[in-house]
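Peer 1: Position one of the sequence shown corresponds to residue 2 (the numbering used here), numbered consecutively onward.
Glycine included, every Cβ here is placed at the ideal spot set by N, Cα and C.
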Amino acid sequence: DLGQPIEALFADFDNTPLAAASIAQVHRARLHDGTDVAVKVRRPHLRGRIEQDLRLLRLLAGVLARAGALGEMLNPTAVVDDLALTLRAELDFEREAASMVSFAANLASFGANHDCVVPRPIDGMVTERVLVMTYIDGTPVDDGTALRAAGHDLEGLVRTGVRAWLEGALEHGLFHGDVHAGNLFVTPAGAIAFLDFGIMGRLDDRTRLVLRRALPAVLIDGDF
Numbered sequence: 002d003l004g005q006p007i008e009a010l011f012a013d014f015d016n017t018p019l020a021a022a023s024i025a026q027v028h029r030a031r032l033h034d035g036t037d038v039a040v041k042v043r044r045p046h047l048r049g050r051i052e053q054d055l056r057l058l059r060l061l062a063g064v065l066a067r068a069g070a071l072g073e074m075l076n077p078t079a080v081v082d083d084l085a086l087t088l089r090a091e092l093d094f095e096r097e098a099a100s101m102v103s104f105a106a107n108l109a110s111f112g113a114n115h116d117c118v119v120p121r122p123i124d125g126m127v128t129e130r131v132l133v134m135t136y137i138d139g140t141p142v143d144d145g146t147a148l149r150a151a152g153h154d155l156e157g158l159v160r161t162g163v164r165a166w167l168e169g170a171l172e173h174g175l176f177h178g179d180v181h182a183g184n185l186f187v188t189p190a191g192a193i194a195f196l197d198f199g200i201m202g203r204l205d206d207r208t209r210l211v212l213r214r215a216l217p218a219v220l221i222d223g224d225f
């Protein structure tokens, strides 16, 4: 996909993946200029398999939709359509790279998120099926034992991560849509690293305004 052999693109490439999931796997590598990178590679023939599965799901959803009151209440066809939209977006690594850049720019625009880091896509090394980005070393946020042993402030880490996520959602309208321990690391310097931007959420201006008014009223004032 990148148009050259691995040895021409990378000074070093580890064939053993760092991580592997249903859509892609990630390898550690080093560019010829010495930059450590992570290389995310989509699984072969995945798009065709997913479209096949989605056709089957739509068929089942159609059957369930005609199953009386339960089908009307669940709206299974809409659920499958939403799943299809999310999956197709997650398959496109060019879209993921763009989301990564936008999310990082939004965090930087407030100037109060110096304890948050986001990988940077490498120019000229991003396609629909391959994403090369700067490598971020760290410990998953759910490994409390290792984090305590390293002397990290766990409460402070939680505050940093939650604040950054809420800022993305309520201020910028672009937030990480797949937050779990595999996608949130703590760097050796004590920063929160957001990883894997395949699933992103977006909120329009009106929705953000409503939430900014409602959340303090409900959570702080108790004005349900």
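Roughly how far, in whole angstroms, is the beta-carbon of P120 from the beta-carbon of T135, given that I think they are within contact range, below 8 angstroms?
Peer 2: 5 angstroms
Peer 1: Tell whether a beta-carbon distance below 8 angstroms holds between L55 and A85.
Peer 2: yes
Peer 1: Starting from F94, trace the alpha helix (DSSP H) in both directions and tell me its first and last residue.
Peer 2: Taken as a continuous stretch (DSSP letters only), the alpha helix (DSSP H) holding F94 covers 94 to 111.
Peer 1: If we ignore side chains and look at the alpha-carbon of each, how far apart do D224 and P217 end up?
Peer 2: 9 angstroms
Peer 1: Can you find the residues in the same chain that come closer than 6 angstroms, C-beta to C-beta, to R31, ignoring five residues on each side of it along the sequence?
Peer 2: A12, D13, D37
Peer 1: Any idea which residues DSSP pairs P122 with across the strands?
Peer 2: M134
Peer 1: Residues in its own chain within less than 6 angstroms of S100 by CB, not counting five upstream and five downstream?
Peer 2: F198, M201
Peer 1: Does the Cβ-Cβ distance between G191 and D144 come in under 8 angstroms?
Peer 2: no
Peer 1: Express the C-alpha separation of E52 and F186 in angstroms, rounding to a whole number.
Peer 2: 32 angstroms
Peer 1: Threshold first: 3 residues or longer. Then list the beta strand (DSSP E) segments lying entirely within the segment 138 to 206, N to C.
Peer 2: You should have 175 to 177, 185 to 187, 193 to 195, 201 to 203.
Peer 1: The beta strand (DSSP E) spanning A12 covers which residue range?
Peer 2: Residue range 11 to 14 is occupied by the beta strand (DSSP E) that includes A12.
Peer 1: Would you grab the beta carbon distance between L148 and L212 for me? Rounded to a whole angstrom, and I think it's under 8 angstroms.
Peer 2: About 31 angstroms separates the two Cβ atoms, so there is no contact after all.
Peer 1: For the beta strand (DSSP E) containing A66, list its first residue and its last residue.
Peer 2: Run containing A66: none in the beta strand (DSSP E); it sits in the alpha helix (DSSP H), 47 to 66.
Peer 1: So is G174 in contact with chain D if we call contact Cβ pairs under 8 angstroms?
Peer 2: This model lacks chain D altogether, as it is built from one protein chain only.
Peer 1: Using three-state DSSP, classify R89 as helix, strand or coil.
Peer 2: helix
Peer 1: Per DSSP, which one or two residues make a beta bridge with Q26?
Peer 2: A21, V42
Peer 1: So, do the segment 97 to 113 and the segment 162 to 181 have three or more beta carbon pairs nearer to each other than 8 angstroms?
Peer 2: yes
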